[in-house]
Amino acid sequence: MPADSLETLLDNPAMREALSVVVERSKEGTEELRWRDVNDALSSGQWGRLIEQGVLSDAAAGGFVLSDPDRIASKLQSRDPGAEDGSDDADSSWSRWDKFGALGVVVLFAGYWNAGVRNAVAGIDNVVLGALAHSIPFYAVVIVLAAATGLYSTVMQDRLKDTELLERHQARMDDLKSRREAAKERGDDDALERIEAEQMEAMGDQWSVMKAQFKPMVWIMLVTIPAFLWMRWKVRGGHVAAGSAHVILPLVGRVGWQDAVFGPMPAWIVWYFLCSFAARQLCQKFLGIDPSGTSRSDSESTTSS
């Protein structure tokens, strides 16, 4: 049984539960099983998938036995939610702090519409950024903020992105697609029915994948939103020094910070996004981070091998 097949099964909560039932009723792999032994707890699609993936193999007496009971039992135990930090959410990779962070993002988002929240956040930011704004021109302050948030965003995205989960999910979807096409070609209606059931289960995993993708964004927005709110407060509140009231943008020329540049977008937003994009590209290059999730060292080792 391939290791990646077992990992794919364990990533699916329903299949993980089916595996637990099979391990328990086979007395941890010491006894043979037949469909009638588990049909009260497993669907026919789950039973068929365990056979297809090599978890269950033919036994001499006509039943099925676990192919590698020790490894399966060990993997199941390691996936036991009670074995990891006591989290009540077995399928969630979010810690308590992640959830508090998400709540903080919701509060900060209110600053885009609520002047009280915006002024409170900007006032706190100004304790640190106010001194910087008095020492250098405002366009340079935006460059510093863009570089700082760009570096932070790049590092957090690289550290918190669950690349393995995303890759396993994509591999599973590709596997289901290829198996479905093969079953159609040979006219195997039973296999098609099982694969369709697996596809429905895989769609249920989309929520876990979405949470894994959004998790880095929570910690990124906890820093970028306050910076953005401070810049908005600075520009729209008339707090920019008279000598820094304009900026020279590429292909546009000299414009005021609140002048519309691209459609309704004012110059200060365009300038920040340009600087932030450049900062992220430089950070990814110098830190050896691939946006797709592969580090430079990983790429080099793959190439050398």
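FYI, numbering that gives the first Met the number 0 numbers position 220 of the sequence shown as 219, with every residue one higher than the one before it. Beta carbons: idealized from backbone N, C-alpha and C, even for Gly. These numbers come from a predicted model, not from an experiment.
Beta-bridge pairing of residue i - partner residues as DSSP gives them
i: Ser56; result: Val64
i: Pro265; result: Ala259
i: Val254; result: Val246
Nonlocal neighbours in the same chain, by C-beta distance under 6 Å from residue i, ignoring five residues either side
i: Gly149; result: Ser275, Ala278, Arg279 and Cys282
i: Ala101; result: Val217
i: Ala40; result: Val20
i: Pro136; result: Ser243
i: Arg179; result: Ile194
Sequence-distant residues of its chain with Cβ nearer than 7 Å to residue i (five each side left out)
i: Asp90; result: Low per-residue confidence applies at Asp90: pLDDT is 41, beneath 50, and the placement is therefore not dependable, though the value from the model is reported in the following sentence. So the list reads Pro12 and Ser207, once near-sequence residues are dropped.
i: Ser4; result: Gln52 and Gly53
i: Glu27; result: Pro68 and Ala72
i: Val269; result: Leu248, Val260 and Phe261
i: Pro225; result: Leu107, Val120 and Asp124
i: Val239; result: Phe137, Lys233 and Trp256
Host beta strand (DSSP E) of residue i (start-end)
i: His168; result: Counting along the chain, His168 falls outside any beta strand (DSSP E), though it belongs to the alpha helix (DSSP H) covering Thr162 to Arg185.
i: Leu18; result: Note, Leu18: premise wrong, no beta strand (DSSP E); alpha helix (DSSP H) at Pro12 to Arg24.
i: Val387; result: Here the chain covers residues 0 to 304 and nothing more, so residue 387 does not appear.
DSSP state of residue i mapped onto helix, strand, coil
i: His133; result: helix
i: Arg33; result: coil
i: Leu9; result: helix
i: Val141; result: helix
i: Ser73; result: helix
i: Asp39; result: coil
i: Glu200; result: helix
i: Asn125; result: helix
i: Glu27; result: coil
i: Trp112; result: coil
i: Gly85; result: Model confidence at Gly85 stands at a pLDDT of 38, short of 50, so the residue's coordinates are unreliable and nothing is read from them.
Run of the alpha helix (DSSP H) containing residue i, from where it starts to where it stops
i: Thr223; result: Gln205 to Arg235
i: Ile288; result: Neither: Ile288 is in no alpha helix (DSSP H) and is coded neither H nor E.
i: Ala101; result: Arg95 to Phe108
i: Gly242; result: Counting along the chain, Gly242 falls outside any alpha helix (DSSP H), and DSSP gives it neither H nor E.
i: Leu49; result: Ser43 to Glu51
Own chain partners of residue i with C-beta closer than 8 Å, once the 5 adjacent residues on each side are dropped
i: Pro265; result: Val234, Trp256, Gln257, Asp258 and Ala259
i: Leu221; result: Gly100, Gly103, Val104 and Leu107
i: Arg253; result: His245, Val246 and Ile247
i: Val22; result: Gly28, Leu65, Pro68, Ile71, Ala72 and Leu75
Contact with chain C by residue i, beta-carbon distance below 8 Å
i: Gly110; result: Looking at the structure shown, chain C is missing, and only one protein chain is on hand.
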